[in-house]
Amino acid sequence: MSQSRQSGQSLVDIEEFLRCPVTHQPLMLDDDKAAGDSARRPFVAGQPVLVDFENSILDRDRFLSGNADSLIENRRRTRPLWKRVLLGQNRVTPASARQMLELLRKDTDAPLILIIGGGTISDSAQVLYDSECARIISFDVYASDHTDFIADAHAIPLRDESVDAVWVEAVLEHVLSPHVVVDEIWRVLKPGGLVYAGTPFLQPVHERAYDFTRFTENGHRWLFRRFSLIDSGVVAGPGTALFQLLRYCMGALVRNRRLGSMLAAPFFWLRAFDRASDRRHASDAASGVYFLGRRSDVPLRPHDMPSEFRGVRQ
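In this text, residue positions in the sequence shown follow full-length UniProt numbering: the first is 1, and each later residue adds one.
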């Protein structure tokens with residue numbers, strides 16, 4: 001049975017938290033396969049494929065014949081250097097990861113954190129892994145050295161109220177029904193559990209056929225209406241949004257996205273507008289927004305939403 005390279009744990013270590021995504025019954029594992037369910041639940045790269053294929057965008061035959069590899073062909077497992085230079089370093093999200101850990105330490109000595117979309121490790125998720133107190137469970141829709149199992153976030157294969165926090169960064173734009181995923185997040189969180197979500201607003205399509213939705217900061221807040229607000233804001237501001245759109249505009253002009261990025265590269269300085277913008281104006285033209293909240297039993301109501309607006313009111 002495989003071990004997550006990042007967490008160092010095996011399936012046996014997390015068996016107590018698992019449930020079948022189809023029957024919703026506790027999932028018991030032996031050394032090689034899901035006991036009593038081996039015909040329907042394959043293993044790939046030593047990881048169980050815990051997907052309800054009847055209700056998933058994932059096609060079972062194509063998925064398994066591709067050895068549960070990324071849905072995006074030729075996906076890079078690390079961010080290329082040129083993109084790091086052009087788009088700069090994200091300083092906002094790692095700070096949110098540290099804030100989440102500080103809040104968790106007040107509630108428990110050994111928090112269990114679920115990372116959705118953990119096939120690759122972002123700089124901010126690395127903050128969570130580097131914590132000496134946190135325990136991580138991670139999954140994605142493809143097999144990775146960093147994941148514990150393969151799953152579709154529309155049906156998270158974890159038991160109710162099983163984790164202390166959920167981290168979902170740059171994922172919700174790639175799912176068909178974000179509200180269903182957020183309801184699943186609420187379900188697997190313990191009462192008072194924390195969630196962090198970072199999601200694009202003004203960004204071009206970047207995951208080909210698996211890129212569906214964008215959110216304003218206020219729309220993001222409504223998506224997480226079953227959570228009380230701890231913090232929210234802009235991950236990347238209008239300068240980054242402008243530069244990204246310029247890259248794609250150039251790519252459309254020359255009909256080659258990579259060449260378009262090269263032509264737009266001299267304008268990387270546009271990202272400096274992010275720091276020059278005030279918080280309210282940045283929210284209205286952000287490249288991406290974030291939400292940090294706590295599971296609540298008192299959801300926001302529709303008439304609460306105008307007061308939640310954080311952008312320019314005049």
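Even glycine gets a Cβ: it sits at the ideal position worked out from N, Cα and C.
On the criterion of 16 or more Cβ atoms from any shown chain inside 10 Å, does residue i qualify as buried, or is it exposed?
{"i": "Met28", "result": "exposed"}
{"i": "Val254", "result": "exposed"}
{"i": "Trp269", "result": "exposed"}
{"i": "Gln203", "result": "buried"}
{"i": "Val298", "result": "exposed"}
{"i": "Arg19", "result": "buried"}
{"i": "Val205", "result": "exposed"}
{"i": "Pro21", "result": "buried"}
{"i": "Thr120", "result": "buried"}
{"i": "Pro157", "result": "buried"}
{"i": "Thr108", "result": "exposed"}
{"i": "Glu15", "result": "exposed"}
{"i": "Val312", "result": "exposed"}
{"i": "His174", "result": "buried"}
So what does DSSP say about residue i, is it helix, strand or coil?
{"i": "Arg294", "result": "strand"}
{"i": "Arg226", "result": "coil"}
{"i": "Phe309", "result": "coil"}
{"i": "Leu176", "result": "coil"}
{"i": "Gln203", "result": "coil"}
{"i": "Ala165", "result": "strand"}
{"i": "Gly219", "result": "helix"}
{"i": "Ala143", "result": "coil"}
{"i": "Arg301", "result": "coil"}
{"i": "Gln89", "result": "coil"}
{"i": "Phe43", "result": "strand"}
{"i": "Ser10", "result": "strand"}
{"i": "Arg255", "result": "coil"}
{"i": "Asp211", "result": "coil"}
{"i": "Arg19", "result": "strand"}
{"i": "Pro238", "result": "helix"}
{"i": "Leu270", "result": "helix"}
{"i": "Leu104", "result": "helix"}
{"i": "Pro157", "result": "coil"}
{"i": "Leu246", "result": "helix"}
{"i": "Leu263", "result": "helix"}
{"i": "Pro94", "result": "helix"}
Leaving aside the five residues before and after residue i along the sequence, list all residues of the same chain whose C-beta is less than 7 Å from its C-beta, in chain order.
{"i": "Arg271", "result": "Gly88, Gly239, Thr240 and Phe243"}
{"i": "Val127", "result": "Pro94, Ala97 and Arg98"}
{"i": "Phe291", "result": "Ala197, His220, Arg221, Phe224 and Ser232"}
{"i": "Phe215", "result": "Thr199, Phe201, Leu223 and Val289"}
{"i": "Ser296", "result": "Arg226, Phe227 and Ser228"}
{"i": "Val180", "result": "His154"}
{"i": "Thr147", "result": "Ser4, Gln47, Gly118, Gly119, Ser138, Phe139 and Asp140"}
DSSP has residue i in a bridge; who is on the other side?
{"i": "Gly233", "result": "Tyr290"}
{"i": "Ala63", "result": "In the sequence as presented, Ala is not what sits at residue 63; that position holds Phe. DSSP lists no partner for Phe63."}
{"i": "Tyr196", "result": "Trp167 and Leu292"}
{"i": "Ile150", "result": "Val49 and Asp140"}
{"i": "Pro26", "result": "Arg19"}
{"i": "Leu58", "result": "DSSP lists no partner for Leu58."}
In its own chain, which residues sit with a C-beta less than 8 Å from the C-beta of residue i, not counting the 5 before and 5 after it?
{"i": "Ile150", "result": "Val44, Gln47, Pro48, Val49, Leu50, Val51, Ala68, Phe139, Asp140, Val141, Tyr142 and Ala143"}
{"i": "Ser177", "result": "His154"}
{"i": "Ala165", "result": "Met100, Leu104, Pro111, Leu112, Ile113, Leu114, Leu189, Gly193, Leu194, Val195 and Tyr196"}
{"i": "Arg279", "result": "Gly233, Val234 and Arg310"}
{"i": "Ala39", "result": "The predicted model places Ala39 with a pLDDT of 47, which falls under 50 and marks its position as unreliable, so this point remains unresolved."}
{"i": "Val163", "result": "Phe17, Leu112, Ile113, Leu114, Ile137, Val188, Leu189, Lys190 and Gly193"}
{"i": "residue 330", "result": "Residue 330 cannot be examined here, being either before or after the span of the chain that is shown, 1 to 314."}
Leaving out five residues before and five after residue i in sequence, what residues of the same chain have Cβ atoms less than 6 Å from its Cβ?
{"i": "Glu102", "result": "none"}
{"i": "Phe273", "result": "Pro238 and Gly239"}
{"i": "Glu161", "result": "Lys190"}
{"i": "Glu184", "result": "Ile156"}
Are the C-beta of residue i and some C-beta of chain B separated by less than 8 Å?
{"i": "Leu128", "result": "The structure shown has no chain B; it contains just one protein chain."}
Open item on the list: Threshold first: 4 residues or longer. Then list the alpha helix (DSSP H) segments lying entirely within the segment 108-141, N to C.
Closed with: 123-130
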